[in-house]
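*Asks:* These protein sequence lines map, in sequence, to chains Z and S. First residue of the first sequence? That's 1 in my numbering, and the numbers climb one at a time after it. First residue of the second sequence? That's 1001 in my numbering, and the numbers climb one at a time after it.
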Amino acid sequence: MSTQDKIKTMIQENKVMLFMKGDRKFPQCGFSGMACQILDHIEASYTTNNVLEDNNIREGIKEFSNWPTIPQLYINGEFVGGADIMREMFESGELKKLIDQIG
Amino acid sequence: MHKEDIKKIIGKGISCSYLEVMGDDGAHFETIVVSDEFAGINRVARHQLVYKALGDLMKEKIHALSMKLYDVNEWKNIKGDSSK
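1) State the CB to CB distance for the pair M20 (chain Z) and R87 (chain Z), rounded to an integer number of angstroms; the pair is presumed to be in contact (CB under 8 Å).
2) Going by beta carbon distance, what residues of the same chain come within less than 7 Å of S32 (chain Z), once the five residues before and after it are set aside?
3) Please check if any C-beta of chain Z sits within less than 7 Å of the C-beta of S1066 (chain S).
4) Enumerate in chain order the residues of its own chain whose CB-to-CB distance from G1011 (chain S) is below 8 Å, with the five nearest sequence positions on each side excluded.
5) Terminal residues of the continuous alpha helix (DSSP H) containing T3 (chain Z)?
6) Is V1044 (chain S) close to chain Z? Criterion is C-beta to C-beta, closer than 7 Å.
7) Quick check on the burial criterion: 16 or more other C-beta atoms within 10 angstroms. Buried or exposed for I1041 (chain S)?
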């Protein structure tokens, strides 16, 4: 399976999928840590992928979304954004709404 | 990498009515960009325009860039209308 196909499968099989550095217990970057804190705070059920464990995913995800940074959040198979966008959508309440809609 | 260099590069790629870059450690930066090019497009597309302007710099020299991106009307609402 190609890296792009692997990524596609992950975001299709997991309704809330976060690509990050490290994992939710031990994030390896402040921005990834913040992304988890936000998702925890709105009580989202989410899956993470640690891009530091596979350089193909780390580079492939940037290509996939045309987005050069990590973390990256996908909801219902769609790219939502990185840390800045997650924070904005958290502060405005949009992110919680989006998460609540998918149930 | 100096914040003034980043400012120049963003300014070249995007026609801004307001542009500010902050950050003094050479790797982590914050920017506020106000541009009519952001009107009518979503957050992801706005960020992508800035990333496009920065090109390969995002891969190597810039470790992190936090962005606040507004179109002219949104910026007016944030700053308040001083003419009133």
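Virtual Cβ for every residue (Gly too), placed ideally from N, Cα, C. Note that the coordinates shown come from a computational prediction; the quantities given were computed from them, not determined experimentally.
*Replies:* Taking the definition as stated:
1) Actually they do not touch by this definition, with Cβ atoms about 15 Å apart.
2) M20, K21, G22, I70 and P71
3) yes
4) L1019
5) T3 to E13
6) Closer than 7 Å to some Cβ of chain Z, the Cβ of V1044 (chain S) qualifies, so yes.
7) exposed
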